[in-house]
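Report on the following structure.
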Amino acid sequence: MKSYRKELTFHLPKRIGFVNVTAEVEAAVRESGVAEGLCLVNPMHITASVFVNDDERGLLADFERFFEALVPHEPVRSWRHNDTGEENADAHVKRQLMGREAVLAITAGRLDLGPWEQVFYGEWDGRRPKRVLVKIIGE
Amino acid sequence: MKSYRKELTFHLPKRIGFVNVTAEVEAAVRESGVAEGLCLVNPMHITASVFVNDDERGLLADFERFFEALVPHEPVRSWRHNDTGEENADAHVKRQLMGREAVLAITAGRLDLGPWEQVFYGEWDGRRPKRVLVKIIGE
Amino acid sequence: MKSYRKELTFHLPKRIGFVNVTAEVEAAVRESGVAEGLCLVNPMHITASVFVNDDERGLLADFERFFEALVPHEPVRSWRHNDTGEENADAHVKRQLMGREAVLAITAGRLDLGPWEQVFYGEWDGRRPKRVLVKIIGE
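This is the structure we're talking about:
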């Protein structure tokens, strides 16, 4: 069995944002030398998501609007987590709803994705660098 | 290490629907010859979910009603994704909330599920054929 | 390839509650002897979640308040699942939104978690014992 580990780092300029990371995950799969296996991709932070959806600008705007309406950042004092001095309770909740991680199949040395499946890093509390873990096992 | 890959196809007659696919995933596990391992099940489409819950008709009706109320299909013009000519923005959001994939343990050649755990294909934008990937690794 | 399986059991005194299970999952990783691999953690029940977030008391209170407001337990008769005599339809829905499972990387014989990532058992319909499966594969 082979295994491979890689960290990616993202530093988004705003509180909320989405980055297509498919090419970087594909690169990790190539570097791993794994032909058949599984690839786990997860943020190492708890106010961010990794998810699979469509790389369409309108949809990403819909995601931001929908999750901000459902889990409002303001008023920050309405969240008990923010009693600690943080202002990101909403980001912890949004990340649960969007999801933490993606587990992807590797087949014949490539990510085994449908034609429209793209892997995204989802940031809910940006303006600082954050790490994403890619862990690959297989043979 | 062994690996096995299979595609299942579903064509649901309505926009929203849920199909118990446990038996088909179990069949793939048997075909794989894997006794101890992991089984990833995910749609290859971005307006569908794979999830684990109870096969009870009332609950499936609750899921449809709850997610439709939370993420309404209408008015379709309220979603920026639908500016592309699509009418399925809500389906992309619903799939995020319900989840993309299930990762299941394989023990002694069987899916290692609790007594009520059943694996479902969740369709949010049906009336066309869609593929589900089953990827198994182990030994 | 090595594999390891362990069950944990939790019996929470109230309907809703969250338990940090990171140390117990770490113990399972040590017992497995796996240095590089993947660790799946999932409840074997369909009204519970396993998720990764921050072990901060205010945040856990926010989770309970947010999910109860979004998916109300009462009135129990508003859910079709409860026509069966159950009163836990909301718990089935909450578990979908929070998520079923966590897949965690194992690197150098340890859970490969970011500094604030903690693994939680999330109970949505407690007052009875429930099992959590830990399945580890790797080498």
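Residue numbers (this note's numbering), protein chains in the order written: chain X, 1 to 139; chain W, 1001 to 1139; chain Z, 2001 to 2139. Heads up, the beta-carbon is just placed ideally off N, CA and C, and yes, glycines get one too. The structure displayed is predicted, hence computed values, not measured ones.
Query                                                                                                          : Result
Contact with chain Z by X/Gly99, beta-carbon distance below 8 angstroms                                        : yes
W/Asn1019 in three-state terms, based on DSSP                                                                  : Before going further, note that residue 1019 of chain W is Val rather than Asn in the sequence given. DSSP places W/Val1019 in strand when its eight states are reduced to three.
Distance CB(Z/Ala2102)-CB(Z/Val2050) smaller than 8 angstroms                                                  : yes
Nearest-angstrom Cα separation, counted from Z/Gly2033 out to X/Asn42                                          : 23 angstroms
Straight-line gap, Z/Ala2091 to Z/His2073 (C-alpha atoms, nearest Å)                                           : 8 angstroms
Three-pair Cβ contact test at 8 angstroms for the region 11–18 of chain X versus the region 116–131 of chain X : yes
Closest Cα partner of X/Asp55 within the set X/Phe18, X/Leu104 and X/Val134                                    : X/Phe18
Beta carbon proximity, W/Ile981 to chain X, threshold 8 angstroms                                              : Past the boundaries of the shown model lies residue 981 of chain W; chain W is included only from 1001 to 1139, so the question cannot be answered.
C-alpha gap between X/Trp116 and X/Gly109, whole angstroms                                                     : 19 angstroms
Z/Glu2007 - partner residues in DSSP beta bridges                                                              : Z/Leu2133
8 angstroms CB neighbourhood of Z/Met2001 in its chain, flanking five on each side removed                     : Ile2137, Gly2138 and Glu2139
Selection from X/Ala23, X/Arg5, X/Arg15 and X/Ser3 that minimises the alpha carbon distance to X/Leu113        : X/Ala23
8 angstroms Cβ cutoff, W/Asp1090 in contact with chain Z                                                       : no
Residues that DSSP places opposite W/Ser1078 in a beta bridge                                                  : In DSSP, W/Ser1078 forms no bridge with anything.
Cβ of X/Thr107 within 8 angstroms of any chain Z Cβ                                                            : no
Which of helix, strand or coil DSSP assigns to Z/Val2034                                                       : coil
Environment of W/Ser1078 [buried if 16+ CB atoms lie within 10 Å]                                              : exposed
Sheet register partners of X/Arg110 (DSSP bridge)                                                              : X/Thr107
Chain-ordered chain Z contacts of W/Asn1053 [CB-CB under 8 angstroms]                                          : Ile2046, His2092, Arg2095 and Gln2096
Contact under 8 angstroms by Cβ, Z/Asp2062 with X/Val93                                                        : yes
Supposed close pair X/Ile16, X/Glu87 - CB separation, criterion 8 angstroms                                    : So it is not a contact: roughly 13 angstroms between Cβ atoms.
Buried versus exposed, by CB contacts within 10 Å (16 or more), W/Ala1089                                      : buried
According to DSSP, residues forming a beta bridge with Z/Phe2050                                               : Just to set this straight, residue 2050 of chain Z is Val in the shown sequence, not Phe. The partner list for Z/Val2050 (beta bridge, DSSP) reads Z/Tyr2121.
DSSP beta-bridge partners of X/Leu40                                                                           : X/Val103 and X/Lys135
Any chain X beta carbon closer than 8 angstroms to Z/Ala2061                                                   : yes
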